[in-house]
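Quick note, the sequence shown lines up with residues 38 to 364 if you use the UniProt record's numbering. By construction, the Cβ of each residue, glycine as well, lies at the ideal position given by its N, Cα and C atoms. To start, the structure under review is shown below, and the notes come after it.
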Amino acid sequence: VRWTEERGWHDGRLEPYGPFTLPPATSVFHYGQAVFEGMKAYRHDSGSIALFRPMANAERFNRSARRLAMPELPVDTFVRAVELLVTQDRDWVPPGDGNSLYLRPFMIATQPGLGFTHPSSSYLFCVIASPAAPYFGPSGPRALTVWLCDDYVRAAPGGTGDAKAAGNYAGAFLATRQATAQGCDQVVWLDAAEHRWVEEMGGMNLFFVYGGSRPRIVTPKLTGALLPGITRDSLLTLAGELGMAAEEDRMSTSRWQSDCASGALTETFACGTAAVISPVGTVRSTTGDWQIGDGQPGPVTHRLRTALLDIQYGRGPDPHHWVHKVC
Ligand code: PMP
38 VRWTEERGWH DGRLEPYGPF TLPPATSVFH YGQAVFEGMK AYRHDSGSIA LFRPMANAER
98 FNRSARRLAM PELPVDTFVR AVELLVTQDR DWVPPGDGNS LYLRPFMIAT QPGLGFTHPS
158 SSYLFCVIAS PAAPYFGPSG PRALTVWLCD DYVRAAPGGT GDAKAAGNYA GAFLATRQAT
218 AQGCDQVVWL DAAEHRWVEE MGGMNLFFVY GGSRPRIVTP KLTGALLPGI TRDSLLTLAG
278 ELGMAAEEDR MSTSRWQSDC ASGALTETFA CGTAAVISPV GTVRSTTGDW QIGDGQPGPV
338 THRLRTALLD IQYGRGPDPH HWVHKVC
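Structure, rendered in structure tokens:
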């Protein structure tokens, strides 16, 4: 679907996957006006194919677009575009637990011109798709080792951290490379001002678990510098239904470490569309390592993961109407 100042959104169509032709002066190449979403279609045992909370993706997409001075897309146009692609070929959505069709809606600025005073006056919205196997392979999630990033920040207050802007990810590659060189799987981003408050991971939000007879799960508050994950939001709701307390609060790295040492904080996990829920076993920083619990995936992480997957794969009740059947 294309957008111009004169015509608004128009010319929606389905095309075979193939290259775009864009002039070298196209503004997205120079000024980075590009936003995207990540979502999945799941095949249920009944044979139906369903999306998970697609309206939430559409709304976040529009928040991202507003932040980058790009036009918003009507929510039903966004959802219909995704549905149209998914229903082209049901066999694109692979059967089996953990398998899905990953969907990538995105929008780029297409006006040629090197002027910087105004945002682009034309845009292109597209959806592409690719079958996805479970993030961690068939053996299920393993506990991650994560790197506390002290040299770089992902986002600052007033910046684009709570938008799904392509540039946020460009700025993250160097820290990710550093994490890999330290033997870590992921970067944990800290706040820009004090490098003290935990924000999120590369493509996932974080939860801290205080175990016991009534577990309590805590996730960093939305400060405007971290992405409001749809998985995060779903888990805050699900936790209550599973008899757990759920809170949004600040978490400092020193409290994370000391509460692990005292045994109060028993598990940590990351969550997002791609990896669902991934346990974190070890935290590494320039001052050394610490272990969370016994360093292995824990029971609360497992319960929440199962509850979420049961809804996404249509195996359990869906009291919040999160499952959006496509066909
Ligand atoms: N944070 C970042 C930076 C992300 O890219 C993602 C993935 N969209 C998330 C968190 C998790 O969001 P969601 O649960 O909506 O996939």
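In the three-state scheme derived from DSSP, where H, G and I count as helix and E and B as strand, Q294 is classed as helix. Bridge pairing for H361: L88 [DSSP]. Of all alpha-carbon atoms in P61, G69, H67 and M92, the one lying nearest the alpha-carbon of H357 is that of M92. Taking all protein chains shown into account, K362 has fewer than 16 neighbouring C-beta atoms within 10 Å of its C-beta and is therefore exposed. Excluding residues up to 5 positions away in sequence, A180 and G318 lie with their Cβ nearer than 7 Å to the Cβ of Q333 in the same chain. According to the DSSP secondary-structure assignment, M238 is paired through a beta bridge with V225.
In its chain, beyond the 5 residues on either side, L279 have a beta carbon closer than 7 Å to the beta carbon of R340. When secondary structure is reduced to three states using DSSP, V130 falls in the coil class, being assigned neither helix nor strand.
R233 counts as exposed, since fewer than 16 other C-beta atoms from the protein chains shown sit within 10 angstroms of its C-beta. Close CB contacts of I165 within its chain, under the 6 Å cut and outside five residues either way in sequence, are with R141 (chain order). Distance from the CA atom of G49 to the CA atom of R100, rounded to whole angstroms, is 22 Å.
Within its own chain, no residue has a Cβ closer than 7 Å to the Cβ of G177 once the five positions on either side in sequence are excluded. With 16 or more other Cβ atoms inside 10 Å of its own Cβ, C308 counts as buried. T343 and L275 have their C-alpha atoms roughly 11 Å apart. Judged by DSSP secondary structure, L151 falls outside any beta strand (DSSP E); it is assigned neither H nor E.
Counting the other Cβ atoms within 10 Å of the Cβ of F57 gives fewer than 16, which makes it exposed.
A direct Cα-to-Cα measurement between A216 and C186 gives close to 8 Å. Non-local C-beta neighbours of L51 in its own chain, meaning closer than 8 Å and more than five positions away in sequence, comprise L121, L122 and Q125, ordered along the chain.
When secondary structure is reduced to three states using DSSP, H67 falls in the helix class.
Cβ-Cβ separation between L259 and P265: approximately 5 Å, consistent with a contact (criterion under 8 Å).
For I329, no beta strand (DSSP E) run applies, since DSSP gives it neither H nor E. Pairing W359 with S271 gives a Cβ-Cβ distance under 8 Å. In the displayed model, E304 falls within a strand according to three-state DSSP. Counting only the Cα atoms, A283 lies some 7 Å from G277.
Of the other Cβ atoms in all chains shown, 16 or more fall within 10 Å of the Cβ of A87; this residue is therefore buried. Pairing Q223 with R44, the inter-Cα distance amounts to about 43 Å. A residue is called buried once 16 or more other Cβ atoms fall within 10 Å of its Cβ, and D128, having fewer, is exposed. Cα atoms of T338 and A207: separation of roughly 30 Å, rounded to the nearest angstrom. In the three-state scheme derived from DSSP, where H, G and I count as helix and E and B as strand, Y160 is classed as strand. As DSSP reads the structure, S315 sits in a beta bridge with A307.
Between ligand 1 and K362, a heavy atom-to-CB distance of less than 7 Å is absent. Between the segment 156 to 175 and the segment 193 to 210 there are fewer than three C-beta pairs closer than 8 Å, too few to call the two in contact. DSSP, reduced to helix, strand and coil, places L341 within a helical segment of the structure shown.
Rounded to the nearest whole angstrom, the CA to CA distance from A301 to A78 is 37 Å. If you check the CB distance, A62 and G150 come in under 8 Å.
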